[in-house]
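Novice:
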Amino acid sequence: MNYPWLKKNWQQLLSQHHRQAVHHALLFSGASGLGKRACAHAFTQLLLCDHGQGRDEACGTCQSCRWLSEGVHPDAYTITLQEKATTIKVDQIRELSDQLSQTSHRGGYQVVCLCPADTLSLAAANALLKTLEEPSGKVVFMLVTDYKDRLPITVQSRCQLQAFQMSQPDEAEHWLASQLEETQLTPSQLLRVAHGAPLLAKTLAEEGYADLQHRVLEQLIALLTRKEHPVAVTAILMKLDIVRVFDTLLMVISDLIKRAVGASSMYMVLGSEQLAQFPAVASLPISSLHSWLSACIETRASLQRHPGLNVQMALESLLIQWSAIKK
236 MNYPWLKKNW QQLLSQHHRQ AVHHALLFSG ASGLGKRACA HAFTQLLLCD
286 HGQGRDEACG TCQSCRWLSE GVHPDAYTIT LQEKATTIKV DQIRELSDQL
336 SQTSHRGGYQ VVCLCPADTL SLAAANALLK TLEEPSGKVV FMLVTDYKDR
386 LPITVQSRCQ LQAFQMSQPD EAEHWLASQL EETQLTPSQL LRVAHGAPLL
436 AKTLAEEGYA DLQHRVLEQL IALLTRKEHP VAVTAILMKL DIVRVFDTLL
486 MVISDLIKRA VGASSMYMVL GSEQLAQFPA VASLPISSLH SWLSACIETR
536 ASLQRHPGLN VQMALESLLI QWSAIKK
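Heads up: the sequence shown begins at 236 in my numbering, then just goes up one per residue.
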């Protein structure tokens with residue numbers, strides 16, 4: 236693994252592998268953007284590698300490694316959300332159980348990666364639980380999740396937890412700087428936006444997040460100065476990555492609150508020049524800022540809980556509140 240912040244996790248997995256004592260159910264848990272899925276894939280490759288025993292990484296050239304890289308290994312199973320689905324369904328787990336009841340094609344491990352594990356329906360979780368309670372042969376489950384607590388306790392109790400931790404800031408900045416060419420946001424700024432998750436920070440840079448951030452700030456300022464109407468701004472922001480838009484709205488209001496209470500800039504994502512573009516907000520009671528922050532949090536949470544909700548209407552309502560915040 237060439238992610239330095241995962242060294243501890245990787246060494247723990249290698250120890251099990253070298254002792255031929257791999258736990259039958261591993262729960263990879265931690266914030267998004269830390270490399271849990273990459274780690275699960277690398278360990279899957281090592282377990283299935285024809286020359287994997289005693290090694291610290293898969294050879295990458297044997298038949299098993301080639302099959303896995305092509306996505307056709309008969310002993311590697313990936314269970315994830317089907318198209319347009321919001322939960323992993325019980326039929327997916329039942330079909331998996333039938334497949335696992337057969338002998339391994341290569342005479343070694345059968346490896347299942349289930350991601351995101353927190354999207355298991357209740358029926359699917361119960362079906363999986365039966366399989367976890369009665370492990371057979373050399374079957375290894377890797378459950379990957381950003382939200383461990385959304386998994387039933389019964390499923391968690393059958394798994395061995397692999398907790399993925401945030402990297403040290405200096406370590407993360409050094410790694411990120413080595414991965415990126417010149418960007419509009421510095422590695423430090425990107426990491427603050429990504430809440431310290433290096434892979435998410437890298438993705439943000441590659442997606443051109445700085446441009447999205449600039450457009451969101453521009454539209455929020457336009458609302459405060461009455462240069463734009465909430466309906467028009469909603470139409471503009473709906474053309475962007477809406478998840479990133481909501482994250483940016485939360486980031487802006489959080490930084491404005493921090494500035495209002497005199498917090499150090501080291502705890503803020505936005506720079507002083509960007510925050511200075513909101514002079515009218517400085518005179519507002521902090522209770523007004525907290526009210527809009529609460530509205531942002533509740534709106535995003537509602538959209539996550541109920542994917543069928545009208546995103547455009549929810550965003551428009553939020554922006555109407557923002558445009559009236561200084562009245």
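Every residue gets a Cβ at the ideal spot worked out from N, C-alpha and C, and that includes glycine.
Residues in the same chain with beta-carbon distance under 7 Å from H340, minus the five sequence neighbours each way, listed in chain order, please.
Specialist: Here residue 340 corresponds to residue number 105 of the sequence shown, with the count starting at 1. Only P309, D310 meet the Cβ criterion.
Novice: Does Q337 come out as helix, strand or coil in the three-state DSSP assignment?
Specialist: Taking the sequence shown and counting its residues from 1, the one referred to as residue 337 is at position 102. Coil at Q337, not helix or strand.
Novice: Under the rule that 16 or more other beta-carbon atoms within 10 Å means buried, what is E463, buried or exposed?
Specialist: Indexing the sequence shown from 1 puts residue 463 at position 228. Per the 10 Å Cβ criterion, buried.
Novice: Can we say the stretch 375-387 touches the stretch 238-254, given the rule of at least three CB pairs closer than 8 Å?
Specialist: no
Novice: Less than 9 Å between the beta carbons of C274 and L249, yes or no?
Specialist: In the sequence shown, residue 274 corresponds to position 39, counting from 1. In the sequence shown, residue 249 corresponds to position 14, counting from 1. In this structure, L249 does not lie closer than 9 Å to C274 by Cβ.
Novice: How would you write the range of the alpha helix (DSSP H) that C274 sits in, first residue to last?
Specialist: Working through the sequence shown from its first residue, we reach residue 274 at position 39. Per DSSP, C274 belongs to the alpha helix (DSSP H) from 271-283.
Novice: Do L434 and G270 have their CB atoms nearer than 9 Å?
Specialist: The residue given as residue 434 occupies position 199 in the sequence shown. The residue given as residue 270 occupies position 35 in the sequence shown. The Cβ-Cβ distance between L434 and G270 falls below 9 Å.
Novice: For G268, count the other beta carbons within 10 Å of its own beta carbon; 16 or more makes it buried, fewer makes it exposed. Which is it?
Specialist: Numbered from its first residue, the sequence shown carries residue 268 at position 33. Buried: at least 16 other Cβ atoms inside 10 Å.
Novice: Assign R393 to one of two classes, buried (16 or more other C-beta atoms within 10 Å of its C-beta) or exposed (fewer than that).
Specialist: Stepping through the sequence shown from its first residue, residue 393 is reached at position 158. Label assigned to R393: buried.
Novice: Please work out which residues of its chain come closer than 6 Å, Cβ to Cβ, to L550, disregarding the five sequence neighbours upstream and downstream, and give them in chain order.
Specialist: Here residue 550 refers to the residue found at position 315 when the sequence shown is read from its first residue. Here the set comprises T469.
Novice: Under DSSP, the alpha helix (DSSP H) around M548 begins and ends at which residues?
Specialist: As a first step, residue 548 must be located in the sequence shown, where it is residue number 313. Counted as a single uninterrupted DSSP element, the alpha helix (DSSP H) harbouring M548 occupies residues 546-558.
Novice: Measure the alpha-carbon distance for T321 versus T354 and round it to whole angstroms.
Specialist: Numbered from its first residue, the sequence shown carries residue 321 at position 86. Numbered from its first residue, the sequence shown carries residue 354 at position 119. Approximately 7 Å between the Cα atoms of the pair.
Novice: Here's the rule: buried if 16 or more other CB atoms are within 10 angstroms of the residue's CB, otherwise exposed. What is I521?
Specialist: Translated into positions along the sequence shown, residue 521 becomes position 286. I521 should be labelled exposed.
Novice: Where do the ends of the alpha helix (DSSP H) carrying V487 lie?
Specialist: Reading the sequence shown from its first residue, position 252 is the one you call residue 487. 477-495 is the span of the alpha helix (DSSP H), which, as asked, contains V487.
Novice: From which residue to which residue does the alpha helix (DSSP H) around Y238 run?
Specialist: In the sequence shown, residue 238 corresponds to position 3, counting from 1. Here Y238 belongs to no alpha helix (DSSP H), and DSSP marks it neither H nor E.
Novice: Give the straight-line distance between the Cα atoms of D384 and T460, rounded to the nearest whole angstrom.
Specialist: The count along the sequence shown starts at 1 and reaches residue 384 at position 149. The count along the sequence shown starts at 1 and reaches residue 460 at position 225. Spanning the two alpha carbons is a distance of roughly 43 Å.
Novice: Taking one C-beta from the stretch 286-302 and one from the stretch 397-410 each time, how about it: are there three or more such pairs within less than 8 Å?
Specialist: At 8 Å Cβ cutoff, the stretches do not touch.
Novice: Going by the CB atoms, is the gap between Q391 and L538 shorter than 9 Å?
Specialist: Residue numbering aside, residue 538 sits at position 303 when the sequence shown is read from its first letter. Residue numbering aside, residue 391 sits at position 156 when the sequence shown is read from its first letter. The answer is no: Cβ separation not under 9 Å.
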